[in-house]
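Okay, structure first, notes after.
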Amino acid sequence: MISQHYDEDALVALLDTPGGEADVHLVECGDCRRSFEEYRAVTSCLGEDAVWDLRVLKEDPVPSTIQNLRAFADRMHAEDAAALPLVAELLAGPRDQWMPRLMSDPKYRTAGVVRKLMEASDKAIDVMPPDALEISALATEIADHLDPAAYPSDTVMKLRGNAWRDRGFCLYQNSRFADALEAITNAELVSVQLTVSDFEAARVRIAKSLLFRTFENFLDSAHGAQLSGAIFARFGQTTRRVGAAIAEAQALWKRGQISLAIDCLLPYAAMSQDLDDDTAARIFANLVVFYRDAGDADQALHYAQLAEQTKIGDVNDAATPLRIQWSVGVLFGRSGKIREAEKRLLPLIASFERLGMTSEAVQVGLELAEFYLAEGRTSDVAMLCRRAIDFYVCAGLPSTERAMTALAFLNECLCANRLTAASVRHVREYLVRLPTEPALLFMPPPNSPF
Amino acid sequence: MLDQETLEVSTPTAAPAQSTAEGASRPPRRTAAKSKSVEPHLLTADEVELLYIEHRTLLLFVACRKFRVNEPDAENLIQEVFLSFLQTCTKIENVRAWLVAAMCNASRHHWRSMGRTEPLPDDYDNQSDPGSQGLADRFAMEMTVQKVLGYMQPRCRETLRLHYFEGRSAGDVAKELETTNRYAEKLIHNCLRRAREIYNNITVVQR
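In the order they appear, the protein sequences are chains A and B.
Sequential numbering from 8 applies to the first sequence in the working numbering.
Sequential numbering from 81 applies to the second sequence in the working numbering.
Pasting the structure below:
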């Protein structure tokens, strides 16, 4: 029951009362709280220098600025349009011909060509990383030799910084980490000279933070990501800000500072309704891992469910949603909720099989077998083992023979009524390693009956 | 897919939502108005002109009043900020926030290039809390309050300045205005109410 609303005098008096915002009526009454907040916003502004300078600023737009901006936009579009055929010509044929072609003809050396090359490298990076790398080399070669005086403002410097950052990314994608760091450092040196340097510097710093992580320098990685996040926040770039927070949290997690990593992401999880689905799902997915490693299965499960429910991303990637469900199922099983685990894991076996992911299908089955054993459901375990053997026989994989040895061991244990969860886990872990270590021989676990 | 910005693997498509066995409450999606994203390098000359007209006054306020840059230099900086914006070959989520932060950046750069360091505004770093009000919103509000003060009677303005800017008590205000404590208190209340009224009128028009 809300008592009578405060009048204006009472609200103004509360502004000067220490702890006024905690007043019981204000906490309960939305209308009064809104009025109080409005007053407080006004008085908080009254405390700023800027509001007391009452000289009138000329509010009319300046025609010459408009003219300059329009001219710049038009010039940029014209350069980009002219660059399209030039880039197509430059990137014709095998990539070892591209650089000599560029060096032999100055017509390619425009800001528009640099921009279009960066777009081309962005497209090539997922399908042909070495092509993307060579394209980024062309872009930096041109950007480094453009005359800054031929373009207005910071155009050339900004382009140069972007081209080097892009090259750093391509080098990273090609696993040339030391070269990537050098390229990113080049980008950083250029970016700090710009009139508007903070945003570009933050973009470079976040890339550097990820590189530091590759070098296992997690402290600098976390610090760089934190600095970038603060800049992205100031520029109102929420998705990038969250991306930086995730990078920071992952660096902290890799340093073993799990509770700090969790603290880093929780505020963003709390505001997930304001984020796009992909960003929200990335937060949830990271929290699953952090809570799992912190030994808090309930929270891990909670965020796994949220991640699972958040529809996002690349519609062509059918495997990863299955993997998320797999994690959720396993988390249920490990927290003793075997029915829930079963409900999720059983259909996954067929789903992985349909995608031709035999190894995953078998592993899911064996995870489930472990949970069944805990309940003494040996006939169900036997069914899953038979199914696993059938998968490998049908798949005819190079690893089939060794995998069959491991699965035969399980079968023998079953027949002798000596199968344990530890044996199932041992076989499953062996099968996980087998695709990358095909020469690995199966050894029964210590204290095995066979 | 790797995100070029963060070099992070983005989370891929999840399966269709299923019933939650353990009652994990799914946060409602996108309840907040989503700020308009743009790709600056794709903007036409007309769109650029509109953006300039829309944001110029706030940017001018930031440079001139928050960083004390003179008006002609501020106009040049606005142009620099827009040129930088146009060359940002990436999606910008919140244009106004980007421009305001860039204006702060350009203003500091301006003072550095003149061999001076200008202290940052007190409210420049109020960004650590993820849910905090943005810098652009804050500066826009200050600009509006400045306009509010322009509409007020000098005595009212002076009362508010003494109490809320200089932090003086009602008793001090009474002495300064040569009146009684009780009347000074009344004056503070009435002037603030008036300020809020004008503020609401201005912002209603803006909305």
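For each residue, glycine too, the CB sits at the ideal point set by N, CA and C.
Minimum Cβ-Cβ distance from residue i to chain B less than 9 Å
i               : result
R241 of chain A : yes
G54 of chain A  : yes
F225 of chain A : no
P68 of chain A  : yes
W59 of chain A  : yes
M83 of chain A  : yes
K65 of chain A  : yes
E148 of chain A : no
V120 of chain A : no
A88 of chain A  : no
E15 of chain A  : yes
M125 of chain A : yes
K130 of chain A : no
Distance CB(residue i)-CB(residue j) smaller than 9 Å
i               : j               : result
I213 of chain A : A181 of chain B : no
R172 of chain A : A194 of chain A : yes
K3 of chain A   : S164 of chain B : Residue 3 of chain A lies beyond the stretch modelled for chain A, which goes from 8 to 457, so this question has no answer here.
A185 of chain A : F176 of chain A : no
L313 of chain A : E367 of chain A : no
L201 of chain A : D161 of chain A : yes
L373 of chain A : R409 of chain A : no
T50 of chain A  : Y279 of chain B : no
L267 of chain B : L257 of chain B : yes
L417 of chain A : S430 of chain A : yes
A80 of chain A  : L139 of chain B : no
F162 of chain B : L98 of chain A  : no
Min CB distance residue i to chain C below 9 Å
i               : result
V371 of chain A : Considering every chain present, this structure includes no chain C. Its protein chains are A and B.
Minimum C-alpha distance to residue i - residue among the options
i               : options                           : result
A209 of chain A : B:W178, B:F162, B:Y132 and B:I158 : B:W178
E126 of chain A : A:A139, A:R116 and A:G372         : A:A139
A125 of chain B : A:L380, A:M390, A:E189 and A:A78  : A:A78
Y298 of chain A : A:T317, A:Q257, A:G383 and A:Q316 : A:Q257
T259 of chain B : B:T168, B:R235 and B:L272         : B:R235
I149 of chain A : A:V163, A:P136, A:A156 and A:P137 : A:V163
E55 of chain A  : B:E119, B:R145, B:S117 and B:E155 : B:R145
V203 of chain A : B:R148, B:V128, B:L123 and B:N156 : B:N156
I158 of chain B : B:V128, B:E173 and B:T170         : B:V128
G383 of chain A : A:W59, A:N424, A:V58 and A:R432   : A:N424
V94 of chain A  : A:D387, A:S266 and A:K123         : A:K123
F398 of chain A : A:L380, A:V369 and A:R108         : A:V369
L166 of chain B : A:H84, A:L441 and A:A89           : A:H84
Short CB-CB distance (under 9 Å) between residue i and chain A
i               : result
C144 of chain B : yes
I282 of chain B : no
W191 of chain B : no
E160 of chain B : yes
E119 of chain B : no
Q233 of chain B : no
A309 of chain B : Outside the displayed span of chain B (81 to 287) sits residue 309 of chain B, for which this structure offers no information.
Y263 of chain B : no
T260 of chain B : no
C236 of chain B : no
L240 of chain B : yes
Pairwise C-alpha distance: residue j and residue i
i               : j               : result
A268 of chain A : A402 of chain A : 41 Å
D38 of chain A  : H12 of chain A  : 8 Å
F206 of chain A : C184 of chain B : 12 Å
P70 of chain A  : A250 of chain B : 48 Å
I133 of chain B : P68 of chain A  : 6 Å
A131 of chain A : A287 of chain A : 28 Å
A376 of chain A : A428 of chain A : 8 Å
A216 of chain B : F222 of chain A : 37 Å
P101 of chain A : R183 of chain A : 22 Å
M390 of chain A : G302 of chain A : 32 Å
G230 of chain B : D14 of chain A  : 26 Å
V337 of chain A : K350 of chain A : 11 Å
Q226 of chain B : L64 of chain A  : 11 Å
Endpoints, the alpha helix (DSSP H) within which residue i is located
i               : result
A32 of chain A  : Reading off the sequence shown, one finds His at residue 32 of chain A, where the question assumed Ala. Per DSSP, H32 of chain A belongs to the alpha helix (DSSP H) from V31 to E35.
Y298 of chain A : D284 to D300
T162 of chain A : T162 to Q180
I158 of chain B : E151 to L166
C422 of chain A : T407 to C422
I132 of chain A : Element bounds for I132 of chain A: n/a, residue is neither H nor E.
I172 of chain B : Looking at the DSSP string, I172 of chain B is not in any alpha helix (DSSP H), and its letter there is neither H nor E.
A17 of chain A  : E15 to L22
V199 of chain A : V199 of chain A -> no alpha helix (DSSP H), and no H or E assigned at all.
M309 of chain A : The residue asked about is misnamed: residue 309 of chain A is His in this sequence, not Met. A304 to Q316 is the span of the alpha helix (DSSP H), which, as asked, contains H309 of chain A.
L123 of chain B : Taken as a continuous stretch (DSSP letters only), L123 of chain B belongs to no alpha helix (DSSP H), as it is neither H nor E.
The ligand ADP heavy atom lying under 8 Å from the CB of residue i
i               : result
A154 of chain B : No copy of the ligand ADP appears in this structure; indeed no ligand is present at all.
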